[in-house]
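Chains as they are written, first to last, in my numbering: chain A, 3 to 113; chain B, 877 to 993. Virtual Cβ for every residue (Gly too), placed ideally from N, Cα, C. Remember, predicted model here, so these are calculated numbers, not experimental data.
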C-alpha cells in the first residue's frame, strides 16, 4: 500500500520552533500537502510541495525530499492557537490525483 | 463565496437503518472527496469523484456504502443497514480538480457526525 507515517503526538513550548516529520513510500505520489485540524473542526490547507526544497509561508514552512520519501512541517514562534492536529497527505501520481492522508500528529503547545 | 456545506451536521440512527449524508461542494470544483474520521484518528478515504469520470470507489469499506454525484455538483453518501462501527465523522471535500492549474488543495466541509446506537 501507499503508507504515510507521522508521529502520533508532539509537545512544544509557546514561542519555540517545532518540526513535524512525515515519511512516505517514494513511488506513487507527486505532491505532499499539509493540513491543520483543530479539535472538532474540518482540516484546512496549510502548505504543499511538489519539488524538492523548502516552501515558506509566514510562520509555517514545509520541506520535501522526493528521493528520501520525507517531508516536514516547520512551525516557528509557536502560539497557543497552533495546538491542533497536523495531517500530511500525499497526492497520488495519476491523472485523478486522489489523496492519501497520514494518521496526523497531535501538537500541544504549552505556555 | 460559500464553502463546502454538509448536512445534517449530526445524525443519530439505530443499528440496521439506512442513512443519507449530503455534500454541496464549492461551485466550479470538479473534484469531490468523501472521507471518514473516527475519534482521534486520521482521515480514511472513501470515494472520489472527478468530473464525468467513473468514481474511484476503492476506499468504500463494504457494499453497504455507496455514493453518487448528480449533475457534477451535489453528492450523497448512503450507508445501508448501519452498524455501530460506522459511527464516525464523515467529511466531504472539493477541489478545482487536476489540469486546472494551481495547487488543487482540498476545501473541507464541517462534516456530519454519525452515531449508530
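Check: Cross-chain neighbours of residue 985 of chain B in chain A, by beta carbon under 7 angstroms; Outcome: 44
Check: Residues, ordered as in the chain, of the stretch 15-34 of chain A that lie near chain B by beta-carbon distance below 7 angstroms; Outcome: none
Check: DSSP three-state assignment for residue 54 of chain A, whether helix, strand or coil; Outcome: coil
Check: Among A/17, A/14, A/72, A/58, the one whose alpha carbon lies nearest that of residue 92 of chain A; Outcome: A/72
Check: Option in A/19, A/70, A/100 with minimal Cα separation from residue 82 of chain A; Outcome: A/19
Check: Nearest neighbour of residue 879 of chain B, chosen from B/908, B/890, B/897 [CA to CA]; Outcome: B/908
Check: Status (buried if at least 16 other CB within 10 Å, exposed otherwise) for residue 988 of chain B; Outcome: buried
Check: Residues of its chain near residue 902 of chain B, where Cβ-Cβ distance is below 8 angstroms and the 5 sequence neighbours each way are ignored; Outcome: 877, 878, 879, 880, 970, 983
Check: Residues of its chain near residue 69 of chain A, where Cβ-Cβ distance is below 6 angstroms and the 5 sequence neighbours each way are ignored; Outcome: none
Check: First and last residue of the uninterrupted beta strand (DSSP E) at residue 887 of chain B; Outcome: 886-889
Check: Paired residues, beta bridge with residue 64 of chain A - DSSP; Outcome: A/57, A/75
Check: Euclidean distance between Cα positions of residue 38 of chain A and residue 46 of chain A; Outcome: 5 angstroms
Check: Three-way DSSP call (helix, strand, coil) for residue 8 of chain A in this model; Outcome: coil
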